[in-house]
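All remarks here apply to the structure that follows.
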Amino acid sequence: MTFASVPWLELAVAVPLVGALCLSRSRDALSASRWCLGFLGAGLVCAVAAWGGFMGGLTADGTSPFDALPLLFGRNVFAIDALSAPLVPLLALLHFLTALATARTKMSRFSFAWLLAGSALRVAVFACKMPWDLGVLLVLATLPPYFELRRRGRPTRVYVIHMALFVGLLVAGLVADGTAAAVLLMGAVLVRSGTVPVHVWVTDLFENCSFGTALLVVTPITGMYAALRLVLPSQPPEWVLQGIGGVSLFTAVYAAGMAVVQTDARRFFAFLFLSHASLVLVGLELHTAISLTGALALWGSVIVSLGGFGLTLRAIEARFGRLTLSEFRGLYAASPSLAVCFLLTGLASVGFPGMSGFVATELLVDGAVVASPIVGLAVLVAAALNGVAVMRAYFALFTGDRYTPRVPLGITLRERGAVLALTALIFAGGFFPQAYIASRHQAAEATLEDRGAEKPAH
Amino acid sequence: MPDLAQLATLTGLVALATPMALVAVLGLPSLVGRPLSERATGRACRWFIALGFLATLAVFVLMLATGDRHVVVNLGNWVSIPDAHGGHPKYHFAVKFEFDRLSVPLALLSFSLCGTIGAFAVKYLHREPGYNRFFVLFSVFLAGMVMAALADTIETLFAGWELVGLSSALLVAFFHERPAPSRNGLRVWIVYRVSDAALLFAAVALHHVTGEGDFDQLMGAEPWPYGRAALPELQALGIGLLLLLAAAGKSALVPFSGWLPRAMEGPTPSSAVFYGALSVHLGAFLLLRLSPLITVSVWLALAVVALGLTTAVYAYLAGTVQTDIKSALSFASLTQVGIIVAEIGLGHWVPFLWYVALAHLLGHACLRTLQFLRAPTLLQDYRNLENAIGDRLPRAPGPLAAAPGRLRTRLYRFALERGYLDTFLNDFVARPFVLVFRWFDRLENTWTAFLNGTREPAPPAPPPAGDPKPVAELAEHRS
Chain A
1 MTFASVPWLE LAVAVPLVGA LCLSRSRDAL SASRWCLGFL GAGLVCAVAA
51 WGGFMGGLTA DGTSPFDALP LLFGRNVFAI DALSAPLVPL LALLHFLTAL
101 ATARTKMSRF SFAWLLAGSA LRVAVFACKM PWDLGVLLVL ATLPPYFELR
151 RRGRPTRVYV IHMALFVGLL VAGLVADGTA AAVLLMGAVL VRSGTVPVHV
201 WVTDLFENCS FGTALLVVTP ITGMYAALRL VLPSQPPEWV LQGIGGVSLF
251 TAVYAAGMAV VQTDARRFFA FLFLSHASLV LVGLELHTAI SLTGALALWG
301 SVIVSLGGFG LTLRAIEARF GRLTLSEFRG LYAASPSLAV CFLLTGLASV
351 GFPGMSGFVA TELLVDGAVV ASPIVGLAVL VAAALNGVAV MRAYFALFTG
401 DRYTPRVPLG ITLRERGAVL ALTALIFAGG FFPQAYIASR HQAAEATLED
451 RGAEKPAH
Chain B
1 MPDLAQLATL TGLVALATPM ALVAVLGLPS LVGRPLSERA TGRACRWFIA
51 LGFLATLAVF VLMLATGDRH VVVNLGNWVS IPDAHGGHPK YHFAVKFEFD
101 RLSVPLALLS FSLCGTIGAF AVKYLHREPG YNRFFVLFSV FLAGMVMAAL
151 ADTIETLFAG WELVGLSSAL LVAFFHERPA PSRNGLRVWI VYRVSDAALL
201 FAAVALHHVT GEGDFDQLMG AEPWPYGRAA LPELQALGIG LLLLLAAAGK
251 SALVPFSGWL PRAMEGPTPS SAVFYGALSV HLGAFLLLRL SPLITVSVWL
301 ALAVVALGLT TAVYAYLAGT VQTDIKSALS FASLTQVGII VAEIGLGHWV
351 PFLWYVALAH LLGHACLRTL QFLRAPTLLQ DYRNLENAIG DRLPRAPGPL
401 AAAPGRLRTR LYRFALERGY LDTFLNDFVA RPFVLVFRWF DRLENTWTAF
451 LNGTREPAPP APPPAGDPKP VAELAEHRS
């Protein structure tokens with residue numbers, strides 16, 4: 001058996017799924033955490049192997065002759081291409097690091113079985129290209145947060161209403177043909193991406209779900225993936241993409257403005273994420289090769305940087321409870337490492353030089369200015385406001401006072417491992433961006449080829 | 001054996017690498033939780049800055065020896081997206097630096113002032129809890145200044161510009177345990193973000209108009225300051241105004257001047273080197289670097305002169321009534337920066353004035369650094385003298401006293417209120433922004449509560465025990 005004949009991609013989905021079944025009856029949180037890490041680590045290895053096989057040219061699309069699902073369905077369900085190849089290991093890594101950085105005090109309230117199930121579903125979504133298969137997986141991926149909300153006794157109606165709308169539009173779009181299909185699918189994408197005014201489910205999720213779950217549900221920007229796989233191939237008319245772009249642009253600025261004035265840390269993070277997700281979607285509408293490359297690059301950067309930012313915020317929450325940004329907390333002296341991680345990941349998300357999002361933001365602005373100076377200006381305004389929001393949160397949480405803990409509250413070894421891994425990725429992407437940008441450009445070119453001719457520059 | 005030109009390039013590379021290496025040497029151990037000791041930090045600063053200074057000086061000497069006034073260190077394309085047809089790349093981010101008669105003096109100034117301040121700060125901040133943090137930020141600032149000074153593309157300049165901005169804002173908030181430095185750090189950061197956005201927009205626009213972000217492409221074959229941008233006047237005016245906005249934010253020109261005295265919350269060494277001497281001149285340096293644009297557009301030149309003179313007059317008036325030495329020095333600094341900017345604008349008619357502006361900038365930076373460093377001991381000397389004579393030292397009446405009755409009152413009021421600039425930005429920019437988005441926030445909470453079937457939105461989280469210090473609103477209430 002050679003490397004290429006191992007069904008790495010299926011294993012990347014199957015291993016966490018098996019883990020979820022194994023841990024579903026577990027009552028010992030510490031043991032569940034360890035097993036969860038094992039399963040997610042194995043899933044991560046498989047995902048990296050699938051990506052490596054694809055990048056090294058060992059496999060054409062990540063599939064293998066020993067794949068099991070073709071025996072059931074008569075066709076391949078999972079396959080990767082230039083677009084999804086780096087996203088699959090990135091998602092697996094994010095889940096692994098989330099499990100790794102879960103504080104012991106929170107283990108009993110955090111369901112590792114659902115984390116594994118969610119990981120399997122989300123990796124499956126990003127490893128799936130066929131519209132109906134993807135549709136089914138997208139629908140299934142909406143379930144774990146619902147069950148968690150129920151389990152925690154939190155209100156579910158906002159989530160259910162929005163997800164029902166998403167599922168309804170998705171299914172109707174998959175059934176319909178032509179322009180109607182494109183419009184319906186566009187609607188589904190906008191709901192899933194949390195564009196204004198159908199975005200409140202994101203803030204509601206962050207307020208009512210566990211931070212880890214909410215982070216993993218939203219950070220991958222599944223709506224962007226759905227747009228690329230479902231909306232673009234259906235050859236939508238120009239105004240459909242302009243609709244996505246226009247609404248996304250408004251959302252990017254609006255959410256950035258909201259992030260600046262938030263007094264609750266979770267809502268702040270939710271709006272910060274919404275702004276970034278919308279900026280990624282903006283690149284879709286501009287659909288020149290440069291802007292799409294920028295959007296795709298920013299997508300990966302957002303997963304890494306906002307993932308790390310969220311994990312840092314979650315680690316701080318684990319020590320100090322729900323955080324408000326309306327008064328100074330002065331936590332720097334208690335947790336300097338967390339402060340540094342918070343700042344690094346936050347700045348990376350807003351495209352600071354030397355970090356992963358810098359070139360991506362440049363590319364996006366470059367493409368936006370070509371399309372229209374107003375669009376470029378709006379993208380810059382959103383980026384500037386996001387920068388203000390991140391720094392305001394940093395100052396509120398870590399400075400202005402001195403918090404003197406009675407017990408040591410510094411970063412733990414596991415947390416440090418998680419954030420250092422993300423920091424390494426952030427700086428690697430910042431200092432050596434060529435390979436990543438080239439791969440994103442390749443994906444952008446392939447996407448545009450699928451869609452037809454590139455929109456000429458104005 | 002490399003020839004002199006190659007040697008100059010290699011030496012230039014060393015000058016560029018040393019600040020980056022200093023960031024790595026000080027920053028990486030901190031990142032893994034093992035910061036360097038005070039002694040090791042001091043040594044690293046001393047040696048790396050000395051090496052950078054000597055390397056820059058060597059380039060300067062080699063330039064004189066070879067007669068070459070334009071040494072380029074081209075590190076190639078950091079990112080390049082090739083065209084499918086093998087033509088000009090669709091996108092490229094060139095990392096290119098140049099040593100010329102404008103960049104070398106500023107780089108030398110950056111190294112020498114940072115070296116002086118570094119040596120001063122090693123003693124000044126001895127056993128201060130944030131010692132390591134200060135020097136990490138200090139190294140980031142130096143790297144940003146050197147990168148911005150030596151940049152040969154506007155993108156590279158932008159990267160340095162942002163590094164300077166971040167380190168400055170964090171140093172203003174250096175004293176973490178008090179709320180005022182944090183509020184002022186945030187204020188500085190907000191102005192810098194506006195400035196950064198304007199510069200990035202200008203960079204992208206310049207890239208599209210000229211096809212390149214390289215300064216030598218923009219300025220043609222002529223070395224600074226004799227280049228002339230090959231741009232239509234209208235485009236030069238548009239891009240120039242964006243650059244002027246960026247410079248206004250960075251150099252605290254009107255209407256952004258309010259952040260400069262606030263920046264004095266930081267420790268004296270950083271106030272001296274950053275806000276009094278180096279970063280406050282970065283906006284003027286940007287205008288000098290892109291002076292070929294000013295050559296093209298007379299309206300741009302007039303705007304630059306007007307902004308410079310307005311700032312100079314404003315800062316002079318505000319500076320006359322300051323009651324603390326750092327604020328007085330900061331406004332004195334701003335007056336000179338305003339004059340430097342006006343000189344740059346006047347260079348449209350008399351290009352020699354660009355040399356004057358450069359010399360003015362260098363001389364002023366050195367003088368002001370020394371004044372800032374001398375300030376604490378000067379106050380001590382005053383105190384000793386007053387103790388000795390048992391009375392206040394006699395003081396000459398300020399220049400505003402010479403103004404006639406009602407005008408004098410108005411001028412005093414204008415000066416005491418710092419030209420109402422902060423009030424204007426608070427009332428007409430920040431407060432409406434906060435009010436609008438707070439209203440949206442309440443609306444969203446109500447809508448979420450309605451969808452969830454609860455009548456009222458979730459109550460706000462209870463304040464923590466003790467005496468919470470409220471975070472600054474973007475629109476602060478004036479006390």
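As they're listed, the protein sequences go chains A and B.
Note that full-length UniProt numbering numbers the first sequence so that position 223 is 223, with each residue one more than the last.
Note that full-length UniProt numbering numbers the second sequence so that position 278 is 278, with each residue one more than the last.
Backbone N, C-alpha and C fix where the C-beta goes; we use that ideal spot for every residue, glycine too.
It should be emphasised that the depicted structure is a prediction, and the values quoted were computed from it without experimental measurement.
Alanine 173 (chain B) CB to nearest chain A CB: under 8 Å? Yes, alanine 173 (chain B) lies at the interface with chain A (some Cβ there is under 8 Å from its Cβ).
Give me whichever residues DSSP pairs with isoleucine 81 (chain B) in a beta bridge. Paired residue(s): B:Tyr91.
Name the chain B residues whose beta carbon is nearer than 9 Å to that of threonine 219 (chain A)? Simply none; closest approach about 21 Å.
Determine which residues share a DSSP beta bridge with cysteine 45 (chain B) and list them. According to DSSP, cysteine 45 (chain B) bridges with nothing at all.
Comparing the C-beta of threonine 242 (chain A) with each C-beta of chain B, is any distance below 8 Å? Strictly speaking, residue 242 (chain A) in this sequence is glutamine, with threonine absent from that position. Output row for glutamine 242 (chain A): interface = no.
If you compare alpha carbons, which of A:Arg319, A:Leu138 and A:Arg157 is closest to tyrosine 146 (chain A)? With distances taken between CA atoms, tyrosine 146 (chain A) lies nearest to A:Arg157 out of A:Arg319, A:Leu138 and A:Arg157.
For phenylalanine 206 (chain A), collect the residues of the same chain with a Cβ closer than 7 Å to its Cβ; drop the 5 residues on either side in sequence, then sort them by chain order. The beta carbon of phenylalanine 206 (chain A) sits closer than 7 Å to the beta carbons of Ala214, Arg266, Arg267, Phe269 and Ala270 from its chain, once the five residues preceding and following it are set aside; these are given in chain order.
Note down, in chain order, every chain B residue with its Cβ under 8 Å from the Cβ of isoleucine 290 (chain A). Residues of chain B passing the Cβ test: Ile81, Lys90 and Tyr91.
Is there contact here, the stretch 151-160 of chain B with the stretch 88-103 of chain B, by at least three beta-carbon pairs under 8 Å? Yes, since at least three Cβ pairs between the stretch 151-160 of chain B and the stretch 88-103 of chain B fall closer than 8 Å, the two stretches touch.
By Cβ distance, which residues of its chain are closer than 6 Å to alanine 124 (chain A), with the 5 residues on each side in sequence left out? Excluding residues within five positions, the ones whose Cβ falls inside 6 Å are Val13 and Leu137.
Which word fits leucine 71 (chain A), buried or exposed, when buried means at least 16 other C-beta atoms lie within 10 angstroms of its C-beta? Here leucine 71 (chain A) is exposed, its C-beta having fewer than 16 other C-beta atoms within 10 Å.
Pull up the distance between the alpha-carbon of asparagine 426 (chain B) and that of leucine 87 (chain A), whole angstroms please. Those two C-alpha atoms are separated by around 43 Å.
Valine 6 (chain A), DSSP secondary structure in three states: Collapsing the DSSP output to three states places valine 6 (chain A) in coil.
Per DSSP, what kind of secondary structure is residue 518 (chain A) in: helix, strand or coil? What is shown of chain A runs 1 to 458, which leaves residue 518 (chain A) out entirely.
Whose CA, out of B:Arg187, B:Lys90 and B:Ala8, lies closest to the CA of alanine 430 (chain B)? Nearest C-alpha to alanine 430 (chain B): B:Arg187.
Between the CA atoms of isoleucine 290 (chain A) and alanine 453 (chain A) - distance to the nearest angstrom: Bear in mind that a pLDDT of 47 at alanine 453 (chain A), under 50, signals an unreliable position, so the model cannot answer this.
So, is valine 32 (chain B) buried or exposed, given that buried needs 16 or more other C-beta atoms within 10 angstroms? By the Cβ-count criterion, valine 32 (chain B) is exposed, with fewer than 16 other Cβ atoms from all chains shown falling within 10 Å of its own Cβ.
Please determine if the stretch 280-288 of chain B and the stretch 372-391 of chain B are in contact, where contact requires at least 3 C-beta pairs separated by less than 8 Å. These segments do not touch.
Alpha carbon to alpha carbon, what distance is there between leucine 279 (chain A) and aspartate 67 (chain A)? If I take the Cα positions, the gap works out to 37 Å.
Against chain A, with Cβ distances strictly below 8 Å, would isoleucine 190 (chain B) count as a contact? Contact of isoleucine 190 (chain B) with chain A is assigned, a C-beta pair being separated by under 8 Å.
Please state the DSSP three-state secondary structure of valine 198 (chain A). In this structure, valine 198 (chain A) counts as coil in the three-state DSSP scheme.
Should threonine 448 (chain B) and valine 200 (chain A) be called a contact, given that it needs their Cβ atoms to be closer than 8 Å? Yes.
Length of the line joining the Cα atoms of lysine 455 (chain A) and leucine 448 (chain A): Annotation note: pLDDT 46 at lysine 455 (chain A) (below 50); position unreliable, coordinate value reported separately. So the two alpha carbons sit approximately 9 Å from each other.
Could you pull out every residue in the same chain whose Cβ sits closer than 8 Å to the Cβ of arginine 368 (chain B), ignoring the five residues on either side in sequence? Contacts found: Ala272, Gly276, Ala277, Leu329, Ala332, Ser333 and Gln336.
Please report the distance separating the alpha-carbon of histidine 176 (chain B) from that of cysteine 366 (chain B). Straight-line Cα distance between these residues: approximately 29 Å.
For alanine 205 (chain B), return the contacting residues in chain A, with the cut-off set at a CB-CB distance below 7 Å. Scanning chain A for C-beta atoms nearer than 7 Å to the C-beta of alanine 205 (chain B) yields Val369, reported in chain order.
Cβ-Cβ distance between arginine 109 (chain A) and serine 210 (chain A) below 8 Å: The answer is yes: Cβ separation under 8 Å.
Chain B contact for serine 326 (chain A) (CB, 8 Å cutoff): Yes, because at least one Cβ of chain B sits closer than 8 Å to the Cβ of serine 326 (chain A).
Taking Cβ to Cβ, would you say leucine 274 (chain A) is nearer than 8 Å to glycine 194 (chain A)? Contact: yes.
Pair within 8 Å by beta-carbon distance, serine 305 (chain A) and glycine 357 (chain A): Going by C-beta atoms, serine 305 (chain A) is nearer than 8 Å to glycine 357 (chain A).
What residues from chain A crowd round aspartate 422 (chain B), counting only those whose CB sits closer than 9 Å? Per Cβ cutoff of 9 Å: no residues; aspartate 422 (chain B) is ~17 Å from chain A at best.
Can you give me the C-alpha to C-alpha distance between leucine 165 (chain A) and alanine 188 (chain A), rounded to a whole angstrom? Rounded to whole angstroms, leucine 165 (chain A) to alanine 188 (chain A) spans 7 Å at the Cα level.
So is lysine 123 (chain B) buried or exposed if we call it buried at 16+ other beta carbons inside 10 Å? If you draw a 10 Å sphere on the C-beta of lysine 123 (chain B), you find fewer than 16 other C-beta atoms in it, and that means exposed.
Taking Cβ positions only, does leucine 150 (chain B) come closer than 8 Å to chain A? Chain A has no Cβ within less than 8 Å of the Cβ of leucine 150 (chain B).
Can you tell me whether DSSP reads glutamate 177 (chain B) as helix, strand or coil? Under the three-state reduction of DSSP output, glutamate 177 (chain B) falls in the coil class, being neither helix nor strand.
Compare the C-alpha of leucine 378 (chain B) against each of B:Val146, B:Glu128 and B:Asp324 and name the closest. Of the listed residues, the one whose Cα sits closest to leucine 378 (chain B) is B:Asp324.
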